[in-house]
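Undergrad: Below are the structure tokens for one structure; questions will follow.
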Ligand SMILES: Nc1ncnc2c1ncn2[C@@H]1O[C@H](COP(=O)(O)OP(=O)(O)O)[C@@H](O)[C@H]1O
Ligand SMILES: [Mg+2]
């Protein structure tokens with residue numbers, strides 16, 4: 492793999508796109524090969540720090556802090572797998588600048604597909620006006636202009652998406 496030098500695999504995309512699902516699947520795959528893996532996931536971190544809001548400023552701070560943490564883990568040879576909506580290009584690029592080996596994975600699953608899945612019922616609530624500042628509905632998502640990897644999970648099983656992700660990571664020499 493990266494010869495103990497660590498890396499940061501950063502999933503970005505809409506809610507329900509498949510970031511957490513693929514992050515967990517990939518984490519299991521890499522761990523089973525004997526590497527050190529840590530997962531950083533937006534929903535989990537937000538449970539620990541429930542006061543973190545969804546304004547641009549709060550989202551940016553949250554992402555920058557998580558990116559800093561990821562970079563420190565990376566320095567210690569960890570495969571960091573991060574899954575955050577991370578809607579703003581500037582804060583993703585800030586994280587990229589902190590990390591040595593940064594792989595941006597844009598989970599490009601469409602809004603229509605995410606809304607159809609509506610795993611957590613949040614799109615329905617956002618459409619009903621019960622929650623605001625919801626990415627893709629009344630809050631922006633800035634598409635990454637040049638992610639290392641793009642993956643659209645619509646019409647694919649998790650296993651198929653994982654396989655294509657692993658193949659792309661191999662072609663980038665992140666995995667062997
Ligand atoms: N190919 C796929 N890859 C990832 N998730 C998929 C795929 N096909 C269907 N899904 C489903 O889509 C949902 C994605 O939810 P989740 O991973 O929580 O999204 P996110 O973390 O991006 O908000 C899950 O219910 C998952 O089972
Ligand atoms: Mg998630």
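In my numbering, the protein residues as written are 492 to 667.
Don't be surprised by glycine CBs; every beta carbon is placed ideally from N, CA and C.
1) Taking 7 angstroms as the limit, tell me which residues put their C-beta closer than that to any heavy atom of ligand 1, in chain order.
2) Got a sec? Which residues, its chain only, sit under 7 angstroms from residue 658 by beta carbon, not counting five neighbours each side?
3) In angstroms, rounded to a whole number, what distance separates the CA positions of residue 604 and residue 508?
4) I believe residue 502 touches residue 598 by the beta-carbon criterion, under 8 angstroms. Please report the beta-carbon distance rounded to the nearest angstrom.
5) Assuming residue 663 and residue 594 are in contact, meaning their beta carbons sit under 8 angstroms apart, how far apart are those beta carbons, in whole angstroms?
6) If you drop the 5 nearest sequence neighbours on each side, which residues of the same chain put their C-beta closer than 7 angstroms to that of residue 652?
7) What does residue 498 pair with, by DSSP beta-bridge criteria?
8) Write down every uninterrupted run of the beta strand (DSSP E) in the segment 588 to 657 whose length is 3 residues or greater and which is fully enclosed by it, in chain order.
9) So what does residue 584 bridge to, in DSSP terms?
10) Under a three-way DSSP split, which group does residue 529 fall into?
11) For a test of the three-state rule: what should DSSP assign to residue 519, helix, strand or coil?
12) Quick check on residue 493: does DSSP put it in helix, strand or coil?
13) What's the C-alpha gap between residue 564 and residue 497?
14) Is residue 533 near ligand 2, with its Cβ less than 7 angstroms from a heavy atom?
15) Taking the alpha carbon of residue 633 as the reference point, which residue from 518, 580, 560 and 568 has its own alpha carbon closest?
16) Nearest by alpha-carbon distance to residue 505: which of 596, 637 and 650 is it?
TA: With the given structure in hand:
1) 504, 505, 506, 507, 508, 509, 510, 511, 512, 513, 574, 598, 608, 610, 644, 647, 648, 649, 651 and 652
2) none
3) 8 angstroms
4) 6 angstroms
5) 7 angstroms
6) 509, 513, 642 and 644
7) 570
8) 593 to 598 and 640 to 642
9) DSSP lists no partner for residue 584.
10) strand
11) helix
12) Here residue 493 scores only 47 on pLDDT, less than 50, and its place in the model is too uncertain to base an answer on.
13) 8 angstroms
14) yes
15) 580
16) 596
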